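I have placed the structure first, in the form of C-alpha cells, so that the comments after it can refer back to it.
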Amino acid sequence: MSFDPRTAVTDPEAWEALDEWSGVPAFDEQPDELIVFSAHPDDETLGVGGLLARAAGAGFPARVVVAAACDDGRLDELDAALASLGLPTTPAAQPVVPLGLPDGALKHHTADLRAAIAEILDAPSEARNRLVLAPWTGDRHGDHRTLGREVVAAARERGLRILLYPVWLWQWGTPADVPWRRVREVVLDAGERTSKRTALAAFPSQLRTPENPEGVLEPGFVARAADGREVVIEPPEPADQHFERMHHERDDPWRVRTRWYERRRRAVLAASLPRERYGRAVELGCSIGETTLVLADRCDELIAVDGSASAVEAAAERLRDRPNVVVERMRVPQQWPVAADHGTDLVIVSELAYYLAEDEWDAVIDRIVGSLAPGGEVLLCHWTGDSDDFAQSGEAAHDRFRERSRLRTAVVHRDEEFVLEVLR
Numbered sequence: 006m007s008f009d010p011r012t013a014v015t016d017p018e019a020w021e022a023l024d025e026w027s028g029v030p031a032f033d034e035q036p037d038e039l040i041v042f043s044a045h046p047d048d049e050t051l052g053v054g055g056l057l058a059r060a061a062g063a064g065f066p067a068r069v070v071v072a073a074a075c076d077d078g079r080l081d082e083l084d085a086a087l088a089s090l091g092l093p094t095t096p097a098a099q100p101v102v103p104l105g106l107p108d109g110a111l112k113h114h115t116a117d118l119r120a121a122i123a124e125i126l127d128a129p130s131e132a133r134n135r136l137v138l139a140p141w142t143g144d145r146h147g148d149h150r151t152l153g154r155e156v157v158a159a160a161r162e163r164g165l166r167i168l169l170y171p172v173w174l175w176q177w178g179t180p181a182d183v184p185w186r187r188v189r190e191v192v193l194d195a196g197e198r199t200s201k202r203t204a205l206a207a208f209p210s211q212l213r214t215p216e217n218p219e220g221v222l223e224p225g226f227v228a229r230a231a232d233g234r235e236v237v238i239e240p241p242e243p244a245d246q247h248f249e250r251m252h253h254e255r256d257d258p259w260r261v262r263t264r265w266y267e268r269r270r271r272a273v274l275a276a277s278l279p280r281e282r283y284g285r286a287v288e289l290g291c292s293i294g295e296t297t298l299v300l301a302d303r304c305d306e307l308i309a310v311d312g313s314a315s316a317v318e319a320a321a322e323r324l325r326d327r328p329n330v331v332v333e334r335m336r337v338p339q340q341w342p343v344a345a346d347h348g349t350d351l352v353i354v355s356e357l358a359y360y361l362a363e364d365e366w367d368a369v370i371d372r373i374v375g376s377l378a379p380g381g382e383v384l385l386c387h388w389t390g391d392s393d394d395f396a397q398s399g400e401a402a403h404d405r406f407r408e409r410s411r412l413r414t415a416v417v418h419r420d421e422e423f424v425l426e427v428l429r
C-alpha cells in the first residue's frame, strides 16, 4: 500500500455531502450472473456487498474469486459474509473460488493469474448478461491494481461486461481522485443495506478493535462501507486506444512543446547523458517527437518508436529533415526494432514503463539489455505521480530495471515530479 489504511484523508460525512453525486448516474443494469474478483476476502463485501445481496435476492448465480492466498479462517469468514448476503455457501454452489497466489505479490505472478482468470471466464455459462467485477485499478494497492488490470484485459478479450469497484479510495482519497465521469452508483434498498452491514461484521480477524489492535479495517472505514454509497467504475479505455485517440484529436495532447514540466524534463534528460555523442540509439515511446528532436543532435543514428499511428505520423513530420532519424510504429515488447539488435549505444525509455505489467516490463528489460553494445547506456525517466491506468509506478519500474538488468546506475536525478536514471 502507498497509504496508511488506518487514516482517513476525507471524512465519511464529507464524502456523502459532495455536490458531485448529483451528476452520478445510477447503476441500472440487470445482469443474470455475477463474477466478482477479489484480491483478498472482504474486498468484495466492502466494495460491492450490496450488489452481491441484490444478486442473491434475484436468484441468479454469483461467485467470488479470491486471488491471494489466505488461511482457512479467512475463507470461513468469507463464507459467513456471503451467507449474510443471502448467497448459497454449499460446496455444490461453489460461491468462492480461491486462487491461492502469493499475497502482496500478484504482480510477480501475472502468468498464473492470467491463466486462472481465463479458466474462470471461459467456463460454460447459460447467462446472457454476465457481469464481471474487479478491484479498481486506481485503488493504490498493488494487488488491487494488478488484479483489476488483468481482469479488465481478459474480460474485454471475451466481450464480457466489466466494471471496477473501489475499496481503499474512501480512506486515502479526496474528491479530486475520483474519476467522476466513469462512476455509477449502486443505489441500495433497505434490505440490501442491512445484509451488507451484517456481512461486514463477519470479518473479525480484519476489524481493528481493542481486542484486535492488529486489524487493518478501522471502525469508521467499515461504517462508511456499510452506510455510505456503493459505486462501480467504468474501466479506462485500453492504453493503445487511449493514446491513439489523444494523438488523433489533438496535435500535442500532453502539451509537451509548451508545458514547463515537459520542457524542464527534456533539458534535464539532455544534460544527464554522460556522452556528448552516441552512435546508434533507440527511443521507446517517442510520442510526437519532441524528445526525439533533442536526441537527434546527439546521435549518429536514432530509431524512435511509438504504438500510436497518429503519434508516429506527427513525429515523422517533425523530424522529416533529420536523415539520421527513423520513426517506426510498433508495440513493445511484442515488437522490437530490428536494427536495435545489431548493437545499441543508448536506449531511452521515458514516460512509458508504468503502462506495462511486470512481465511485459521484464520482457522489455531483457530486450534492452540484449541489444546493448559493450559500454551501452540506458536512460529511464518517469513521472512519480499516480494514475488508475498505470500498471506500476515510475519508481517501481526503475527499481525493477535495476534488479533485473544488473546494470549500474551512473547518473540519477530525483525531484518531486520525476525520477531519471542513466545505467550502464
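All you need for the numbering used here is the position in the sequence shown, starting with 1, plus 5.
Glycine included, each C-beta is placed from N, C-alpha and C at the ideal position.
What you are looking at is a predicted structure, and each value in this text was computed from that prediction instead of being measured.
In the DSSP assignment, Asp404 falls within the unbroken alpha helix (DSSP H) covering 399-410. Going by beta carbons, Pro46 and Arg68 fall outside the 7 Å limit.
In this model, Gly390 and Ala272 are separated by some 20 Å (Cα to Cα).
Looking at the backbone, the Cα of Val236 and that of Met335 are separated by about 37 Å. The region 189-254 contains, as complete beta strand (DSSP E) runs of 3+ residues, the segments 235-238 (chain order). Excluding five sequence positions before and after Val299, the CB atoms of its chain that fall closer than 8 Å to its own CB belong to Arg271, Leu274, Ala275, given in chain order. In the three-state DSSP reduction, Gly105 falls in the strand class (E or B).
Of the residues Tyr360, Ala72, Arg260, the one whose Cα lies closest to the Cα of Gln246 is Tyr360. Sequence-distant Cβ neighbours of Leu126 in its own chain, meaning closer than 8 Å and more than five residues away, are Ile40, Val137, Ala159, Ala160, Arg163, Leu165. Just so you know, the alpha carbons of Ala44 and Pro103 end up roughly 10 Å apart. The beta carbon of Glu426 sits closer than 7 Å to the beta carbons of Leu385, His403, Thr414, Val416, Val417 from its chain, once the five residues preceding and following it are set aside; these are given in chain order. Scanning the region 298-382 from its first residue to its last, the whole beta strand (DSSP E) runs of 3-plus residues come out as 304-311, 330-334, 349-355. Glu216 and Phe208 have their C-alpha atoms some 14 Å from each other. Pro241 places its beta carbon 7 Å or farther from that of Leu169. It is roughly 21 Å from the alpha-carbon of Gln176 to the alpha-carbon of Val192.
A straight line joining the alpha-carbon of Ala368 with that of Arg262 spans about 31 Å.
In the structure shown, the three-state DSSP call for Thr414 is strand. Going by C-alpha positions, Leu51 is about 37 Å away from Ser355. Short of 8 Å from the beta carbon of Asp305, and not among the five residues preceding or following it, lie these beta carbons of its own chain, in chain order: Arg282, Tyr283, Gly284, Arg285, Asn329. Judged by their CB atoms, Ala31 and Glu190 are nearer to each other than the 7 Å cut-off. Sixteen is the threshold: when 16 or more other Cβ atoms of the shown chains lie within 10 Å of the Cβ of Ser292, as they do, the residue is buried. In this structure, Phe42 lies near Ala139, with their beta-carbon atoms less than 7 Å apart. For Ala116, the secondary structure class from DSSP, reduced to helix, strand or coil, is helix. Residue pairing of His387 in beta bridges, as defined by DSSP: Val424.
If you draw a straight line from the Cα of Ala58 to the Cα of Ala378, it comes to about 60 Å.
Secondary structure at Ser43: strand, using DSSP grouped into helix, strand and coil.
Looking from the CA of Ala73, the closest CA among Glu267, His146, Phe65 belongs to His146. Considering only Ile238, Ala321, Trp265, the residue with the shortest C-alpha distance to Asp394 is Ile238.
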